[in-house]
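For reference, the structure discussed in these notes is given below.
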Amino acid sequence: MTATRYPIPAATCRCEIEVKKSHFIATIEPTDTPEAALAFISRIKQEFPDATHNCWAYLIGPPGSSDRIGLSDDGEPHGVAGKPMLMTIQHGGIGDITVVVTRYFGGTKLGKGGMVKAYTQAVKTALEQLDTTEKINWVKLSIKISYQLLDNIERLLPEFEVLLLDKQFTEQICLTLKLPEENLFQLQTRLTDLSSGQIEFSKEEKLSPCSGD
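The sequence shown lines up with residues 0 to 212 when you count with numbering that gives the first Met the number 0.
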């Protein structure tokens, strides 16, 4: 089952390390699609057009995902940059993340082992400084209830992290609710039990994922 909430970068994060006079600049960005990841990578390449290399890796989805990933050594020896960068973010506990490590060669060769270590350390350093937020997949649900059920239902909503978006009074009361997708089934079950099956549910609508703020 796909995770419906998980940590993601709160904003762009950048840090720099130096290894034998080579400068490694790691930039992390929250990205929720491969297209967004590639657009970010392109922006970094435009920002540092004179860099020796702009190596990158991205992971779309929950932490540790492997189905929507990408990586590039950008001219470095095969396997010394993109792969260790990807492995680092896969084990970093963060989802929807892209990292670009920009290298300015300092004149001293690091060797393959040294490059793996340097690219890994650049990403780890950025992850240590990264602020995170929580991604939540929200759904919107409208329900029609009788007047006598209103108080009991409103007391129930906080248990399922429900936000009340709208309340309309006609022959019945129509409530428009926003809640985490993972809580939808349990809420519907509780509401059905509470009303003895008398609540009318509309078709739920998925909303754009966002933080829980």
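All C-beta atoms in this analysis are idealised placements derived from N, C-alpha and C, irrespective of residue type, glycine included.
Secondary structure of residue i, DSSP reduced to three states
{"i": "residue 34", "result": "helix"}
{"i": "residue 41", "result": "helix"}
{"i": "residue 61", "result": "coil"}
{"i": "residue 182", "result": "helix"}
{"i": "residue 72", "result": "coil"}
{"i": "residue 101", "result": "strand"}
{"i": "residue 171", "result": "coil"}
{"i": "residue 83", "result": "helix"}
{"i": "residue 48", "result": "coil"}
{"i": "residue 18", "result": "strand"}
{"i": "residue 212", "result": "Low per-residue confidence applies at residue 212: pLDDT is 38, beneath 50, and the placement is therefore not dependable, though the value from the model is reported in the following sentence. In the structure shown, residue 212 sits in coil (DSSP, three-state: anything other than H, G, I, E or B)."}
Exposure of residue i, with buried meaning 16 or more beta-carbon neighbours within 10 Å
{"i": "residue 154", "result": "exposed"}
{"i": "residue 111", "result": "exposed"}
{"i": "residue 8", "result": "buried"}
{"i": "residue 73", "result": "buried"}
{"i": "residue 91", "result": "buried"}
{"i": "residue 212", "result": "Caution applies to residue 212, whose pLDDT of 38 falls short of 50 and renders its modelled position unreliable; the value that the coordinates give is listed next. Under this definition residue 212 is an exposed residue."}
{"i": "residue 52", "result": "buried"}
{"i": "residue 38", "result": "exposed"}
{"i": "residue 199", "result": "exposed"}
{"i": "residue 179", "result": "buried"}
{"i": "residue 168", "result": "exposed"}
Residue(s) in a DSSP beta bridge with residue i
{"i": "residue 13", "result": "26"}
{"i": "residue 5", "result": "134"}
{"i": "residue 199", "result": "143"}
Host alpha helix (DSSP H) of residue i (start-end)
{"i": "residue 112", "result": "110 to 128"}
{"i": "residue 93", "result": "Careful: residue 93 lies outside any alpha helix (DSSP H) and carries neither H nor E."}
Residue i CB to nearest heavy atom of the ligand PLP below 8 Å
{"i": "residue 168", "result": "Among the components modelled here there is no ligand, and therefore nothing to report on the ligand PLP."}
Whether residue i touches residue j by CB criterion (9 Å)
{"i": "residue 183", "j": "residue 152", "result": "no"}
{"i": "residue 96", "j": "residue 143", "result": "no"}
{"i": "residue 69", "j": "residue 5", "result": "no"}
{"i": "residue 117", "j": "residue 109", "result": "yes"}
{"i": "residue 131", "j": "residue 86", "result": "no"}
Host beta strand (DSSP E) of residue i (start-end)
{"i": "residue 133", "result": "131 to 135"}
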